[in-house]
Amino acid sequence: MKNSRAFFRCALIIAILSFPSILVQSGEMFILQPNSSAQNPPTLEFSAIKSADSVDSRYLFLSKKTLDPVDEEQFLKTISRESLKGGKAISSPYFVLQFTGPIQEEWKTALKNGGVIFYDYIPSFAFIVKIPGDAKSLKDAHPFIRAIIPWRPYYKLSFDSLNDVNLSSFIKGAAPKPSKEYILLCFRDVDIDAVRKKIESAGAIINNTTQSEWKIKFRIAASPSMLEGISQIPEVYWIEPAPQWKMFNERARGAGVCDVDTASQTYGLYGAGQIVAVTDSGVDKGSTDPNVHHADFKNGAGGSRIAQIFDLVGDGGNDKHGHGTHVAGSVCGNGLKSGSNPAAHNYPAACHSGSAPEATLVFQAVGNNSTLGLSGIPDDLNILFKQTRDAGARVHNNSWGGAAKGSYLGNCQDVDEFCWNNKDYTILYAAGNEGVDMIPVLGMIDDFSLGAPASSKNCITVGASENNRPDSGVTSNYGAGGDPRWANEPIKSDTKSNNVNGMAAFSSRGPCWDGRYKPDICAPGTNILSTRSTEAPDSSFWAAFNADYAFMGGTSMASPLTCGMCALLREYLVRYRGIASPSSALVKALLLNGAVDMAPGQYGATGDTKEQPTAAPNDIQGWGRASVQKSLPGGTRNILLVDNPTGIAANGEIKYKFEVKNNDIPLRAKLVWTDFPGSPAADGGLVNDLNLSIIQPDNNVLTPLNPRRPGIVQHLINTPSDSTTPPVIPNLGMVHEGMGVRFVPAQTPMILKMVNFALVAAYPGEYYVDLFILADNQGMPGDIIWKVTYVKTVIQAQDPTTKAYFGICSVPFNILSFNGPFHVALQWSYDINTRLIGGTKPPIKTGNDFHYYFDLDYYNFVWHPWASDAAADLGIEVIGTGPTQTTGNDSVNNVEGIELAAPQTGLYTISVKGNNIAQGPQPFAVVISGNVAPETTPTPTPIPITLVQYKDYLTGKISFTEQQKASADLNKDKKIDIADLIKRILAPLK
Ligand SMILES: [Ca+2]
Ligand SMILES: [Ca+2]
Ligand SMILES: [Ca+2]
Ligand SMILES: [Ca+2]
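Residue numbering for the sequence shown is 12 to 1001, as defined by our numbering.
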């Protein structure tokens, strides 16, 4: 049954790529030996640069790697494709300009006065800039400039785009016609028509153009082989594949879960007066008529609470899928069809209402009625948010996104841009449902599965915890049906709704590539019973319930429950604290500060498969499970608030004092700020870095929980120049064909972040390999440390000349740590047909059955000698990082928290300090909870004010003091407006 044609095709490929010269067949394995001397990144010295709080501050974080711009030559050696180093872009006016330390406004001003234009910030201490004259003389004229390097094509390519460029380089024949959609970001001030012409002359077709304050965005159709040319266009600063939007439903409200009921009853919070926005497939019949739409969206008087439906596809706002109606019900359905009495604000636990049953809904229907896809989402998400904000909404749920493996894409910049420009607008995103357990530790969900825009900095990213509903909906366990995503214990046998402190296995995990914790928070996302669209089929749901309600699950369901909670918290801030327009940072801080730490989770308190390896915050649960009740005052818990709209400038510091009256309950503090939009080239990256600290009564200074500082990224590649006889990898189990590469980290310990490799095959399809990490035994492969089975690679790019197909596979890691050399090896996965994603067999064509061909003709499938940064002769590429710092200040996240389980009583000082303010001033919010009160002693004289009265116990007098250190620009000559701040720092008095 041997396919001789396929055999010859692949023999040809081997010849083209000069593969045999470095490849030695050894038994059944191919082994590739690296030249370890070529792997060393620059040696590390920290001398020239003022460090602020970052240990790595001389490095730029670009393209998921770190480089010292003073020694860019060293970095460029790892890029063999000359065109990506420069070409036309070298003579362009766009550069990366790095300052010598934390950004000083006078430096920026001096350069701006000289005509320099600033674009995206790149950590550390650098910006993409446009320089009107000669870059070298600019640097010579200003001692505060550390380095200037060109904005090279290589830096413009997203990880996936770079893979496409590499794939296209394998294609030897004529370039195929435009076949794929990409998003291009261009600098905000370019001549759009001129750039359009350049893009078109590179062969691409422009399908859409949008413009926001911060950038110009093109959606183009291009073949991957055109990307190299497009990356040469100076005005184009970022290239990524167009997002493939999907709903995050995975194929509850209630006491003890979201803690909504208690809070609602105590404070009378039901969402009244709050306008919430939902962007989703559609809502029921697409009508705002209360007699037509689902009764659960009526108000207590029989009118409608659906204020507006925007039909962004143009085929009706109706919901033929069922997702949007279900999501909207979780936000603000009132359970009228299941026993509630909205007129009396009576929402019993048994009714199926959402979190904010009296909120008003603004709905954006983006579902396409024929494809059931989300075709109505605009390329520029600013458009989406502006439409709903203009309609009055201040809280916005988005249970959709694209798979991104934790990357920060152009759409994340949109979210952060809108939040920066509209600091009163709270945006929620579902984290995604890409949580799988395919790599060790088996029995522990893998990292790096966050979707985008969920990876943006300023949204509230919501993961899914389990509901408490063991006996209804879907009662099967995660591993049911042999689902390979969750095939290992203790996840395999666990059921989906039996532990409110358990994570839903599918919930996407962090971190983001710039190191940020995500998700921010969790809420129930399994077996959620909510409103059912009249037009949706049973097949859309986890399980049917009745004509009015149905079960669904996913982070899609967790996000709207949290969105409704945000509406309640916002209502609280407006009605009880007199803050007419609370910032989204304050809403987020209040929500996160009430989160319940789910550690250790549902799989025991010890061992490798402990669900939450650390207390919150972490990359699994974020800050924990949302609880409205714990976010609000109750019992002896008071809440102190700061919503500072003027912010902190470079070198600024603001201190607040408060008193802990009793240690009967924990003291918790959160600092949250809406950060300036980050650059996709830097995977986001913190632009303005504030630091939170608390000085205890005994003068000990407390710093944030689980702080992070970025490690130095090492990029390890192997080269073909070492021709020594390669070692044989010891028994890897069922080895049919394999290859190993030895890597030598320049810095240890090194945490492995990603392994990339390419495959070529005679036929397109999905191929599976096993990936091994082996110890080093005196230069030879030693014991197997890890085995990752069934790594899927999609092979579909075809070379028109040889007819061969290519694919690139990237496997993200986040656990392994090496103190010396190690080996990475790959082999074909031999029992492919037994464990396939989705549990179904692939279409088996002649010659396409992996297993079948192993025994007869393994030359049909070869390892391609490739790595993303070099043209040829490289087997495997590894990205690793040094350990992130875990004590002291955090320089990665725009949320910081401090907690004391049993705080000393007495007077505390809380400090918010500008560690590096690149685009200031930076507004912020602080929330403190505990048995606390504003400072009453010592003086200054208390300032009496009258609070907004809602209930009798909320009137009284308070006092507070503030100390402020002089700040370079913002606060030097500015007096503090005590009255304004008093309004923002209020404690409920009983
Ligand atoms: Ca529609
Ligand atoms: Ca795992
Ligand atoms: Ca469970
Ligand atoms: Ca910080």
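For each residue, glycine too, the CB sits at the ideal point set by N, CA and C.
Short of 8 Å in beta carbon distance, which residues of its chain neighbour residue i, apart from the five on each side in sequence? Order them along the chain.
i: Pro252; result: Ser169, Asp171, Ser172, Asp175, Lys191, Glu192, Tyr193 and Ile194
i: Ser315; result: Thr299, Asp300, Pro301, His304, Phe308 and Lys309
i: Val338; result: Val289, Asp291, Asn408, Ser410, Ser541, Ser567, Met568, Ser570 and Pro571
i: Ile394; result: Thr221
Does the separation of the CB atoms of residue i and residue j fall below 8 Å?
i: Ala367; j: Ala600; result: no
i: Ser341; j: Pro571; result: yes
i: Arg588; j: Arg405; result: no
i: Asn422; j: Phe517; result: no
i: Leu703; j: Val938; result: no
i: Val906; j: Leu603; result: yes
i: Tyr779; j: Val805; result: no
i: Phe72; j: Pro721; result: yes
i: Asp1058; j: Ala661; result: Here the chain has residues from 12 to 1001 only, and residue 1058 is not among them.
i: Thr655; j: Ala936; result: At residue 655 the sequence reads Asn, which differs from the Thr that was named. Yes; because the gap between Cβ atoms is below 8 Å, this pair is in contact.
i: Val766; j: Val835; result: yes
i: Ile921; j: Ile590; result: no
i: Pro535; j: Asn509; result: no
i: Ser381; j: Ser364; result: no
i: Ala606; j: Arg636; result: yes
i: Leu716; j: Gly941; result: no
i: Asp270; j: Gln640; result: yes
Looking only at its chain, what residues have a beta carbon closer than 6 Å to the beta carbon of residue i, apart from the 5 residues adjacent to it on each side?
i: Gly744; result: Note that Gly744 has pLDDT 37, beneath the 50 cutoff, so the model's placement of it is unreliable and no number is given.
i: Arg527; result: Val903 and Asn904
i: Thr472; result: Tyr440, Ala442, Ala465, Lys529, Pro530 and Asp531
i: Ser828; result: Pro760 and Ile762
i: Thr221; result: Lys228, Asp390 and Asp391
i: Ser467; result: Cys423, Val426 and Asp427
i: Phe155; result: Phe110, Thr111 and Trp118
i: Gln255; result: Gly413
Got a sec, what are the start and stop residues for the alpha helix (DSSP H) residue i sits in?
i: Trp553; result: No alpha helix (DSSP H) contains Trp553, which DSSP labels as neither H nor E.
i: Cys423; result: Gly421 to Asn432
i: Arg157; result: Looking at the DSSP string, Arg157 is not in any alpha helix (DSSP H); the run it does join, the beta strand (DSSP E), is Ile156 to Pro161.
i: Lys798; result: Per DSSP, Lys798 belongs to no alpha helix (DSSP H); it is in the beta strand (DSSP E), Met791 to Ile806.
i: Val342; result: His334 to Cys343
i: Pro934; result: Looking at the DSSP string, Pro934 is not in any alpha helix (DSSP H); the run it does join, the beta strand (DSSP E), is Gln933 to Gly941.
i: Tyr165; result: Pro164 to Lys167
Just list the residues that DSSP pairs residue i with in beta bridges.
i: Lys191; result: Ala233
i: Ile438; result: His407
i: Cys820; result: Phe768
i: Pro535; result: Ser476
i: His834; result: Arg753 and Leu785
i: Asp322; result: Ala376
Which stretch, first to last residue, makes up the beta strand (DSSP E) that contains residue i?
i: Thr221; result: Ile216 to Gln222
i: Lys681; result: Leu678 to Val683
i: Trp249; result: Val247 to Pro252
i: Phe669; result: Glu664 to Val671
i: Phe129; result: Ile128 to Ile133
i: Lys924; result: Gly917 to Ile928
i: Glu910; result: Val906 to Leu911
i: Val373; result: Thr371 to Ala376
i: Asn124; result: First-last for Asn124: Glu116 to Asn124, but that is the alpha helix (DSSP H), not the beta strand (DSSP E).
i: Asp700; result: Asn699 to Ile706
i: Ser560; result: The question names Ser, but residue 560 is Tyr in the sequence shown. Tyr560 to Met563 is the span of the beta strand (DSSP E), which, as asked, contains Tyr560.
Using a Cβ-Cβ cut-off of 7 Å (strictly less than) and excluding sequence neighbours within five positions of residue i, which residues of its own chain qualify?
i: Tyr6; result: Here the chain has residues from 12 to 1001 only, and residue 6 is not among them.
i: Lys764; result: Pro823, Phe824, Asn825, Ile890, Gly891 and Thr892
i: Gly612; result: Asn512, Gly513, Met514, Lys621, Glu622 and Gln623
i: Tyr831; result: With the sequence shown as reference, residue 831 is identified as Gly, and Tyr is not the correct amino acid for it. These residues qualify, in order along the chain: Thr759 and Asp787.
i: Gly282; result: Cys343, Ala367, Pro368, Glu369, Ala370, Gly575, Ala578, Leu579 and Glu582
Q: State whether the stretch 556-564 contacts the stretch 430-438, with contact taken as three or more CB pairs (one from each stretch) at a distance under 8 Å.
A: no
(Q) Does the contact criterion of 3 or more C-beta pairs under 8 Å hold for the stretch 66-81 versus the stretch 95-115? (A) yes
Q.
Could you check whether the stretch 697-717 touches the stretch 914-931, counting it as contact only if at least three pairs of C-beta atoms, one from each stretch, sit closer than 8 Å?
A. yes
Q. Does the stretch 201-214 come close enough to the stretch 231-246 that 3 or more CB-CB pairs lie under 8 Å?
A. yes
Q) Would you call the stretch 636-650 and the stretch 667-685 touching, i.e. three or more CB-CB distances under 8 Å? A) yes
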